[in-house]
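**Q** Taken in order, the sequence shown gives residues 1 to 157; the numbers are from the numbering used here. Here's a structure for you.
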Amino acid sequence: MLSTQEFIEACRDKGLNVTYQRILIFKVLSESQVHPTAEEIYKSVKEEYPSISLATVYKTLETLVEKDLIRKVNPLHDTARYDGDSARHHHMVCHYCGKLIDVHDQAFQNLPLPQHPDFEITGFRILFEGVCDDEACREKACRKSDGDEKKLTLCGK
């Protein structure tokens with residue numbers, strides 16, 4: 001993940017003006033332990049910069065995504081989440097609460113890519129689906145799999 005100074009330099013390298021709003025939004029995002037939504041970022045930024053609008057946060061996030069300074073993650077749920085770590089990595093998502101977890105595993109970086117004469121692959125993202133370690137999520141998963149021969153291993157706990 002980029003430091004604030006590296007972020008500032010990367011903005012300049014990509015032809016972006018370095019604004020207080022961009023720095024603050026990046027700082028909130030990079031300090032987050034979760035993958036926040038635009039609304040969650042807005043609430044955090046608004047504490048320090050009360051005059052910022054939700055529209056500015058959305059526009060800034062989309063600009064940073066376009067310039068590959070952050071990543072936009074669209075998990076199973078409809079709400080987009082943002083990731084301050086722009087390095088190539090993948091994610092795990094919980095079916096029940098939507099929790100996203102980063103997966104930094106080099107084994108997935110060198111997968112053979114499919115070939116098609118009418119398509120050029122420029123990148124890929126892997127999203128692993130499952131159940132997180134939250135007790136409520138495990139209970140829901142176990143109730144859902146009750147009677148299923150493919151019972152989840154976490155149901156025996």
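Don't be surprised by glycine CBs; every beta carbon is placed ideally from N, CA and C.
Is the Cβ-Cβ distance between residue 73 and residue 35 less than 8 Å?
**A** Position 73 of the sequence shown, counted from the start, is the residue given in the question as residue 73. Position 35 of the sequence shown, counted from the start, is the residue given in the question as residue 35. Their beta carbons are under 8 Å apart, which means residue 73 touches residue 35 by this criterion.
**Q** Report whether the distance from the Cβ of residue 71 to the nearest heavy atom of the ligand MN is below 7 Å.
**A** What this structure holds is no ligand at all, so the ligand MN is not there to describe.
**Q** Using alpha carbons as the reference points, say which of 154, 125 and 128 lies closest to residue 138.
**A** Here residue 138 is taken as the residue at index 138 of the sequence shown, counted from 1. Residue 138 has its Cα closest to that of 154, out of 154, 125 and 128.
**Q** Whose CA, out of 68, 94 and 39, lies closest to the CA of residue 123?
**A** Stepping through the sequence shown from its first residue, residue 123 is reached at position 123. Among 68, 94 and 39, the Cα nearest to that of residue 123 is on 68.
**Q** Could you check what DSSP says for residue 149 in three-state terms: helix, strand or coil?
**A** Here the question's residue 149 lines up with position 149 in the sequence shown. Low confidence applies to residue 149: its pLDDT is 48, below 50, so where it sits in the model is not reliable, and the reading given next is rough at best. DSSP places residue 149 in coil when its eight states are reduced to three.
**Q** Rounded to whole angstroms, how far is the Cβ of residue 41 from the Cβ of residue 96, which I believe are closer than 8 Å?
**A** Counting from 1 along the sequence shown, the entry for residue 41 is found at position 41. Counting from 1 along the sequence shown, the entry for residue 96 is found at position 96. Contact flag wrong, Cβ pair sits at about 23 Å.
**Q** What are the boundary residues of the alpha helix (DSSP H) that residue 120 is part of?
**A** Position 120 of the sequence shown, counted from the first residue, corresponds to residue 120. Counting along the chain, residue 120 falls outside any alpha helix (DSSP H), and DSSP gives it neither H nor E.
**Q** Rounded to the nearest angstrom, how far is the Cβ of residue 6 from that of residue 24, given a contact under 8 Å?
**A** Translated into the one-based positions of the sequence shown, residue 6 becomes position 6. Translated into the one-based positions of the sequence shown, residue 24 becomes position 24. In fact, because the Cβ distance is near 16 Å, the residues do not count as touching under 8 Å.
**Q** Where does residue 13 fall in DSSP's three states?
**A** Against the sequence shown, residue 13 aligns to sequence position 13. Helix at residue 13.
**Q** In the DSSP assignment, the alpha helix (DSSP H) including residue 72 goes from what residue to what residue?
**A** Taking the first residue of the sequence shown as 1, we reach residue 72 at position 72. The continuous stretches of alpha helix (DSSP H) do not include residue 72, which lies in the beta strand (DSSP E) extending over residues 71 to 73.
**Q** Thinking C-beta only, is residue 70 closer than 8 Å to residue 86?
**A** Numbered from its first residue, the sequence shown carries residue 86 at position 86. Numbered from its first residue, the sequence shown carries residue 70 at position 70. For residue 86 and residue 70, yes; Cβs fall inside 8 Å.
**Q** Going by DSSP, which residues form a beta bridge with residue 104?
**A** The residue given as residue 104 occupies position 104 in the sequence shown. Partner(s): none; residue 104 has no beta bridge.
**Q** Pick out whichever of 113, 11, 90 and 98 has its Cα sitting closest to the Cα of residue 66.
**A** Walking along the sequence shown from the start, residue 66 turns up at place 66. Answer by Cα proximity: 11.
**Q** Give the range of the alpha helix (DSSP H) segment to which residue 81 is assigned.
**A** Mapped onto the sequence shown, residue 81 falls at position 81. That residue, residue 81, is in no alpha helix (DSSP H); its beta strand (DSSP E) goes 81 to 83.
**Q** What is the rounded straight-line gap between the Cα of residue 18 and the Cα of residue 26?
**A** One-based indexing of the sequence shown puts residue 18 at position 18. One-based indexing of the sequence shown puts residue 26 at position 26. Between residue 18 and residue 26, the C-alpha separation is close to 11 Å.
**Q** Just to confirm, are residue 63 and residue 21 a CB contact at a threshold of 8 Å?
**A** To locate residue 63, count along the sequence shown from 1; it is residue 63. To locate residue 21, count along the sequence shown from 1; it is residue 21. In this structure, residue 21 does not lie closer than 8 Å to residue 63 by Cβ.
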